[in-house]
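Counted the way this note's numbering counts, the sequence shown spans residues 937 to 1104. C-beta: ideal position from N, C-alpha, C; glycine also. The structure presented is a predicted model; accordingly, all values stated were derived computationally and were not measured. First the structure, in the form of structure tokens, and then the observations on it.
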Amino acid sequence: MIGALRESLEVAEGAGIGPERVVVDPGVGFGPLSLDPVITGGEPVRGDLRHGDEAYPWYSWDSILITGIQRIRRELGLPVLVGISRKSFLERLMRRPAPPEDRLFASVGAEAIAVLMGADAVRTHNVRETRDAVRVGEALRLCLGRDPLECSQELRGLVQGASVGAPH
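Written out as structure tokens, the structure is:
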């Protein structure tokens, strides 16, 4: 995954696009497809094994991309954008049939997790719902690996002046 992203960055650099103009999209839903003509006749592999072998079915690859965002940011040193909204891997993880328009809660949950994992930007169909989830993900990310008192102080600073209701 990191190697393929590095190759794309080299192509961009070769075209005169500097890293300050790049945001990395690891391609949730569009991961590495086998293009070996001996195996596929030149066509991308589809179905459960479109990402190469039985160890990494497509829905697991997309999950690995999301949980690997911190590593992508660390190794490439660039901001990361993800597009998760309504993706078919969500239906698999929901473990029930769900057309794209019925994947709102799964989309928003996965988007918040992506932000918690380090995503800098989210491309979505559900802007209002995602905005709220992203704000929660950003707030929780402040606490990752932090001392509880530091976390509390950071969260206080974050919500200072925000118009929020009383605790329930």
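Whole alpha helix (DSSP H) elements within the stretch 1037-1088, 4-residue minimum: 1040-1052, 1063-1077
Span separating the alpha-carbon of Arg1071 from that of Asp1083: 21 Å
Three-state secondary structure assigned by DSSP to Leu1017: strand
Euclidean distance between Cα positions of Val958 and Ala1098: 32 Å
With 16 other Cβ atoms within 10 Å as the buried cut-off, status of Arg1024: Looking at the sequence provided, one finds Ser at residue 1024 rather than Arg. So Ser1024 counts as exposed.
Simplified DSSP state of Pro962, which is helix, strand or coil: coil
Cα-Cα separation, Leu1014 to Ala1034: 34 Å
CB of Leu1012 within 8 Å of CB of Leu941, strictly: Cβ distance < 8 Å, so Leu1012 and Leu941 count as in contact.
Exposure of Val947, with buried meaning 16 or more beta-carbon neighbours within 10 Å: exposed
Three-state secondary structure (DSSP) of Arg942: helix
For Glu1065 and Val1044, believed in contact at Cβ under 8 Å, the rounded distance: Between Glu1065 and Val1044 the Cβ distance is about 5 Å, and since that is below 8 Å, they are a contact.
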